[in-house]
Every structure is written in C-alpha cells, then in structure tokens.
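Participant: In my numbering, the protein residues as written are 3 to 213.
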Amino acid sequence: MQKAELSKCLNSIRNEFSLATVAFQRDLERIAPRETPYAFLFEINDQNPGAWPIAATEESLSRLAASYMAKGYKGKNGNDLELLRCGLRWDAPGDAAVGWYWGGDSIHERLNALLAIAFDHTFGDSSIGYQLLKTICLTALEELDAQGTFGKGPSRERVVIGVSNVDLDFELFQDELSLVNPHSVFERLRSQLAQATTAWDQISRPSRNHS
Numbered sequence: 003m004q005k006a007e008l009s010k011c012l013n014s015i016r017n018e019f020s021l022a023t024v025a026f027q028r029d030l031e032r033i034a035p036r037e038t039p040y041a042f043l044f045e046i047n048d049q050n051p052g053a054w055p056i057a058a059t060e061e062s063l064s065r066l067a068a069s070y071m072a073k074g075y076k077g078k079n080g081n082d083l084e085l086l087r088c089g090l091r092w093d094a095p096g097d098a099a100v101g102w103y104w105g106g107d108s109i110h111e112r113l114n115a116l117l118a119i120a121f122d123h124t125f126g127d128s129s130i131g132y133q134l135l136k137t138i139c140l141t142a143l144e145e146l147d148a149q150g151t152f153g154k155g156p157s158r159e160r161v162v163i164g165v166s167n168v169d170l171d172f173e174l175f176q177d178e179l180s181l182v183n184p185h186s187v188f189e190r191l192r193s194q195l196a197q198a199t200t201a202w203d204q205i206s207r208p209s210r211n212h213s
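#1: Please report the straight-line C-alpha distance between residue 23 and residue 55, rounded to a whole angstrom.
#2: Look up residue 100 in the DSSP assignment and say whether it is helix, strand or coil.
#3: How long is the line joining the alpha carbons of residue 193 and residue 158, rounded to whole angstroms?
#4: Quick one: what does DSSP say residue 59 is sitting in, helix, strand or coil?
#5: Under DSSP, the beta strand (DSSP E) around residue 166 begins and ends at which residues?
#6: In the DSSP assignment, find the alpha helix (DSSP H) that holds residue 188 and state where it starts and stops.
#7: Check whether the Cβ atoms of residue 120 and residue 105 sit closer than 9 Å, and answer yes or no.
#8: Do residue 134 and residue 164 count as a contact pair if the criterion is CB distance below 9 Å?
#9: How would you write the range of the alpha helix (DSSP H) that residue 156 sits in, first residue to last?
#10: Along the chain, which unbroken stretches of the alpha helix (DSSP H) at least 4 residues long are found entirely within the segment 31-89?
#11: Residues in the same chain with beta-carbon distance under 8 Å from residue 62, minus the five sequence neighbours each way, listed in chain order, please.
#12: Ignore the nearest five residues each way along the sequence and tell me which others in residue 87's own chain have a CB closer than 7 Å to its CB.
#13: Taking contact to mean 3 or more Cβ pairs, one atom from each stretch, closer than 8 Å, check whether the segment 66-80 and the segment 176-189 are in contact.
Rendered as structure tokens:
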C-alpha cells in the first residue's frame with residue numbers, strides 16, 4: 003500500500019486510542035470519583051484485532067480482596083486483607099473483570115472497528131499489525147501522559163500505564179511498560195509482581211467444600 007495511505011491509517015488509529023482513553027478516564031471519574039487509580043492499561047490481542055481499556059483502583063482492589071476473604075482465603079499468619087491485596091493487585095481481570103473497570107462498548111467500538119478494517123485491508127500480515135498496534139497505542143499513551151492525562155507528580159507516580167495481553171503477562175511487555183512509565187513506577191511494578199508470588203505462598207486456600 004502507499005506510504006501516505008498507511009500513515010493516514012496509523013494516525014486515525016492513534017487518534018481513536020487517544021479518544022478512547024480520554025472517554026474512559028471521564029467515565030472512571032464519574033463512576034468512581036473518590037477512588038485512587040493505580041493502573042490504566044489497554045488489553046490487546048495478537049489473535050484478533052482489538053484493544054480494550056481497563057483500569058484498577060486501590061479501592062476496587064480492596065473490594066476484590068474482601069471477596070476472596072469471604073470465600074475462605076486467609077493469611078496463614080493473619081494480615082488477610084493486605085496479603086490478598088498484594089497477591090491480587092496484578093491478577094488478570096478475566097471475563098467478569100472483577101477488581102477492574104472496563105471501558106464500555108461505546109468507548110472502544112469505534113477503535114476496534116477501525117482496527118478490524120486495518121487488519122483486514124491495510125496491515126496484511128497479522129504479526130506486523132500486532133506490532134504496529136502496540137506501537138500506536140504506546141505513542142498515544144505517551145502523548146496523553148505528556149499532557150497530564152494520568153496526573154502529574156505524586157498522582158502520576160501512583161499509576162502504571164501501558165499495554166498487556168488478556169492474561170496480564172507483564173513479563174512479555176517489560177520493554178513496552180518501561181518506555182511509557184517513569185523508572186520508579188516500572189521498578190515498583192516489578193517489585194509488586196515479585197511480592198505477589200510471595201504473598202500467595204502465605205495465603206491458605208479454602209477447602210473444596212467451603213460454601
């Protein structure tokens with residue numbers, strides 16, 4: 003395809019990423035105005051063209067941890083809530099999106115419609131399209147970050163932004179996450195991921211017959 007046509011397509015997708023991000027941020031401020039976000043990510047799929055904005059807050063994490071406590075999960079030596087918060091902080095949201103907020107259909111449908119067209123008629127090779135998708139998303143997030151969309155100073159330091167897959171397998175996205183986050187934020191994420199493994203070693207699971 004012509005270089006000018008490709009450039010126009012990529013710019014359109016980047017613009018839709020920006021619009022989807024801003025729209026989701028506004029929705030989050032409306033439905034959780036007093037909550038403290040710690041993550042804003044786009045889940046992207048290497049099999050089917052698509053990107054979905056998700057976000058998590060300290061308060062949504064506490065509710066998720068409390069729901070696990072109600073199921074019978076508990077710390078082997080006490081401190082149940084904090085151990086579960088640590089273990090669940092970067093747990094994949096799954097289809098139910100428990101513990102996470104998802105952007106509504108109206109937020110990402112234009113973006114995903116554009117991505118479907120691009121993958122079908124523009125990118126050609128799906129693996130190339132997937133790499134372009136990651137790059138475009140990160141570029142849009144970087145531009146918004148520079149404008150203060152994710153906060154400034156201490157408020158920005160609290161939030162991890164970036165891309166991941168549906169399993170939140172951050173090991174596969176370390177390069178991308180390190181590019182769009184301050185070094186201190188990226189290092190905290192790595193530390194929290196390591197702490198999560200340790201936390202689960204200290205948590206007792208409920209018995210099978212637990213109601």
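For every residue, glycine included, the Cβ atom is placed at its ideal position computed from N, Cα and C. It should be emphasised that the depicted structure is a prediction, and the values quoted were computed from it without experimental measurement.
Facilitator: With the structure as the only source:
#1: For the purposes of this step, residue 23 is taken as residue 21 along the sequence shown, with counting starting at 1. For the purposes of this step, residue 55 is taken as residue 53 along the sequence shown, with counting starting at 1. Cα-Cα distance, rounded: 7 Å.
#2: As a first step, residue 100 must be located in the sequence shown, where it is residue number 98. In the structure shown, residue 100 sits in coil (DSSP, three-state: anything other than H, G, I, E or B).
#3: The residue you call residue 193 lines up with position 191 of the sequence shown. The residue you call residue 158 lines up with position 156 of the sequence shown. Residue 193 and residue 158: Cα-Cα distance of roughly 18 Å.
#4: Here residue 59 refers to the residue found at position 57 when the sequence shown is read from its first residue. Note: residue 59 maps to strand in three-state DSSP.
#5: As a position in the sequence shown, residue 166 is number 164, starting the count at 1. It spans 162-166 - the beta strand (DSSP E) in which residue 166 sits, taken as one unbroken run.
#6: As a working note, residue 188 is residue 186 in the sequence shown. Here the alpha helix (DSSP H) through residue 188 covers 185-203.
#7: Here the question's residue 120 lines up with position 118 in the sequence shown. Here the question's residue 105 lines up with position 103 in the sequence shown. Not in contact: residue 120 and residue 105 (Cβ atoms no closer than 9 Å).
#8: In the sequence shown, counting from the first residue as 1, residue 164 sits at position 162. In the sequence shown, counting from the first residue as 1, residue 134 sits at position 132. No, they are not a contact pair.
#9: Here residue 156 refers to the residue found at position 154 of the sequence shown. In this chain, the alpha helix (DSSP H) harbouring residue 156 covers 156-159.
#10: 60-73
#11: Working through the sequence shown from its first residue, we reach residue 62 at position 60. The answer, listed in chain order, is 34, 37, 101, 102, 103.
#12: Start at 1 with the first residue of the sequence shown, and residue 87 comes out as number 85. For residue 87, where only same-chain residues beyond five positions count, the Cβ hits under 7 Å are 63, 64, 67.
#13: no
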